[in-house]
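2 protein chains.
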Amino acid sequence: MKQNKISDKEVYDYLANHEVKGSVQRIAVMRYLLEHHTHPTVDEIFTELHEDIPTLSKTTVYNTLKLLVEQGAAMMLTIDDKNAHYDAVKESHAHFFCYNCGKIIDIYNPEGIGDYEHKLPDGYKVQGIQLYYTGLCPKCASKTKN
Amino acid sequence: MKQNKISDKEVYDYLANHEVKGSVQRIAVMRYLLEHHTHPTVDEIFTELHEDIPTLSKTTVYNTLKLLVEQGAAMMLTIDDKNAHYDAVKESHAHFFCYNCGKIIDIYNPEGIGDYEHKLPDGYKVQGIQLYYTGLCPKCASKTKN
DNA sequence: TTACAGAATTGTAATCATTACAATTTTAAT
DNA sequence: ATTAAAATTGTAATGATTACAATTCTGTAA
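Structure representation (structure tokens):
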């Protein structure tokens with residue numbers, strides 16, 4: 003779940019690979035996404051990082067995430083209509099959104115979803131593919147009477 | 003694209019099949035979704051219907067759509083982080099969101115996406131599956147220099 | 001028909017995530 | 001050390017969605 007402590011240099015290089023110039027704030031946000039696989043919201047990222055970087059502004063978190071998404075260093079999950087969630091781009095996988103507890107859970111599919119790209123008609127320029135499930139997670143499904 | 007004029011009775015029955023009691027407002031909203039396959043926002047639905055039903059309140063449109071989604075008579079598309087879009091539930095298909103023009107386009111896959119349900123671990127109670135593509139639609143892709 | 005209770009609708013006022021924007025600070029190059 | 005461009009910050013809008021109380025509608029029973 004938490005891949006302990008990635009060095010500044012590693013994060014810096016990761017950003018550079020995506021043509022993003024490094025900065026204290028950008029490295030902090032990017033590292034947060036690389037270390038946590040919890041699909042955090044802007045507010046969660048801001049609240050956590052603000053403890054270490056008291057001068058951090060929430061606007062900067064917004065700006066940074068927007069940049070990271072544009073450069074393909076992160077992806078925005080829109081499965082939750084209340085807040086955007088963010089994820090560092092990794093291997094192809096799906097997401098399950100529990101409408102009871104609000105958690106987003108990674109779902110790894112054996113064959114992945116990359117294939118679907120081939121099925122699009124000509125002319126489309128695909129930037130991202132997302133497979134979303136909504137429903138009740140096992141924990142909530144067992145609690146809820148049915 | 004537009005399946006002309008569905009009778010009140012047909013819409014009423016469609017609602018009844020989903021255990022939704024009919025009313026002028028609910029029939030209007032449901033019919034709008036059945037007749038238009040444009041993935042409208044709340045505002046678009048409200049603005050259109052308001053011409054015919056001047057007393058209609060936007061809150062009612064919100065309430066109704068929420069109910070329709072809960073009862074499985076419609077689905078909410080969260081692909082666009084600016085607004086929720088709505089769609090009457092039909093055959094399984096994917097959606098392409100163009101981040102330039104903001105349009106959502108239906109993508110029909112030969113084999114559908116229903117299979118993915120089987121790949122989930124035990125315990126999940128799946129309510130819906132959505133496959134989203136983001137990128138540039140053919141029109142915008144050709145306009146944008148690359 | 002009338003009266004009533006519950007459901008549905010309405011309008012207004014909050015809420016709250018996100019964005020706009022102008023001011024300040026930092027960065028990097030000269 | 002100077003300066004221009006880029007990044008960051010804080011505050012003030014924006015705008016979608018929700019909460020809520022008041023009103024209207026619906027269906028049933030007297």
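Residue numbers (my numbering), protein chains in the order written: chain Z, 3 to 148; chain V, 3 to 148. A virtual CB, placed ideally from N, CA and C, is assigned to each residue, including glycine.
When the distance is taken between beta carbons, is Tyr34(Z) closer than 8 Å to Leu67(Z)? What you label residue 67(Z) is simply residue 65 of the first sequence in a count that begins at 1. What you label residue 34(Z) is simply residue 32 of the first sequence in a count that begins at 1. No, these two residues do not count as a Cβ contact at 8 Å.
Chain-ordered neighbours of Asp83(Z) on chain V, where CB pairs are closer than 8 Å: Indexing the first sequence from 1 puts residue 83(Z) at position 81. Simply Met78, Thr80, Ala86.
By the 9 Å beta-carbon criterion, what residues does the stretch 124–138 of chain Z contribute toward chain V? Asp124, Gly125, Tyr126, Lys127, Val128, Gln129, Gly130, Ile131, Gln132, Leu133, Tyr134, Tyr135, Thr136, Gly137, Leu138
List the residues of chain Z whose Cβ lies closer than 9 Å to the Cβ of Phe98(V), in chain order. The residue you call residue 98(V) lines up with position 96 of the second sequence. Going along chain Z in sequence order, the residues near Phe98(V) (Cβ under 9 Å) are Leu122, Tyr126, Val128.
Under three-state DSSP, which class holds Gln129(Z)? Against the first sequence, residue 129(Z) aligns to sequence position 127. Looking at Gln129(Z) - three-state DSSP - the assignment turns out to be strand.
Contact between the stretch 88–98 of chain Z and the stretch 49–61 of chain Z: three or more CB pairs below 8 Å? no
Contacting residues, own chain, Cβ-Cβ under 8 Å from Glu21(Z) (five flanking each side not counted): As a first step, residue 21(Z) must be located in the first sequence, where it is residue number 19. If we look at Glu21(Z) and ignore the five residues flanking it on each side, its Cβ neighbours are Gln73.
Just to check, is the beta-carbon of Pro56(Z) closer than 7 Å to a non-hydrogen atom of the ligand NAD? This structure lacks the ligand NAD; in fact it carries no ligand of any kind.
Residues, ordered as in the chain, of the stretch 65–77 of chain V that lie near chain Z by beta-carbon distance below 9 Å: none
For Leu70(V) and Ile106(V), which I take to be in contact (beta-carbon distance under 8 Å), what is that distance rounded to the nearest angstrom? To locate residue 70(V), count along the second sequence from 1; it is residue 68. To locate residue 106(V), count along the second sequence from 1; it is residue 104. With a Cβ gap of about 18 Å, Leu70(V) and Ile106(V) do not count as contacting.
Distance, Cα to Cα, Ser9(V) vs Lys84(V)? What you label residue 9(V) is simply residue 7 of the second sequence in a count that begins at 1. What you label residue 84(V) is simply residue 82 of the second sequence in a count that begins at 1. Using only the alpha carbons, I get a separation of about 33 Å.
Measure the alpha-carbon distance for Asn148(Z) versus Lys7(Z) and round it to whole angstroms. As a first step, residue 148(Z) must be located in the first sequence, where it is residue number 146. As a first step, residue 7(Z) must be located in the first sequence, where it is residue number 5. Caution is warranted here: a pLDDT of 45 is assigned to Asn148(Z), below 50, making its placement in the model unreliable, and no coordinate value can be reported.
Assuming contact is defined by CB atoms lying nearer than 8 Å, are Ala30(V) and Lys127(Z) in contact in what I supplied? Taking the first residue of the second sequence as position 1, residue 30(V) is located at position 28. Taking the first residue of the first sequence as position 1, residue 127(Z) is located at position 125. No, these two residues do not count as a Cβ contact at 8 Å.
Would Pro140(V) count as contacting chain Z if we go by Cβ distances under 8 Å? Taking the second sequence and counting its residues from 1, one reaches residue 140(V) at position 138. Answer yes: the Cβ-Cβ gap between Pro140(V) and chain Z drops below 8 Å somewhere.
Helix, strand or coil: how does DSSP classify Asp89(V) here? Within the second sequence, numbered from 1, the residue matching residue 89(V) stands at position 87. Residue state, collapsed to three classes: strand.
Measure the Cβ-Cβ separation of Leu58(V) and Phe48(V) and say whether it is below 8 Å. Here residue 58(V) is taken as the residue at index 56 of the second sequence, counted from 1. Here residue 48(V) is taken as the residue at index 46 of the second sequence, counted from 1. In this structure, Phe48(V) lies closer than 8 Å to Leu58(V) by Cβ.
Any beta carbon of chain V sitting closer than 8 Å to that of Glu12(Z)? Here residue 12(Z) refers to the residue found at position 10 when the first sequence is read from its first residue. No, Glu12(Z) does not count as interfacial toward chain V.
Of the choices Ile131(Z), Thr43(Z), Val63(Z), Asn19(Z), whose alpha-carbon is the least far from that of Arg28(Z)? For the purposes of this step, residue 28(Z) is identified with residue 26 of the first sequence, where counting begins at 1. Of the candidates Ile131(Z), Thr43(Z), Val63(Z), Asn19(Z), the one whose C-alpha sits nearest the C-alpha of Arg28(Z) is Val63(Z).
Neighbour-count burial assignment, Asp15(Z), 16 or more Cβ in a 10 Å radius: As a first step, residue 15(Z) must be located in the first sequence, where it is residue number 13. When all chains shown are included, Asp15(Z) counts as exposed.
Name the two residues that bound the continuous beta strand (DSSP E) containing Cys100(Z). Taking the first residue of the first sequence as position 1, residue 100(Z) is located at position 98. 96–100 is the span of the beta strand (DSSP E), which, as asked, contains Cys100(Z).
Exposure label - Thr61(V); buried when at least 16 CB within 10 Å: Working through the second sequence from its first residue, we reach residue 61(V) at position 59. By the 10 Å Cβ count, Thr61(V) comes out exposed.
DSSP state of His52(V) mapped onto helix, strand, coil: For the purposes of this step, residue 52(V) is taken as the residue at position 50 of the second sequence. Note: His52(V) maps to helix in three-state DSSP.
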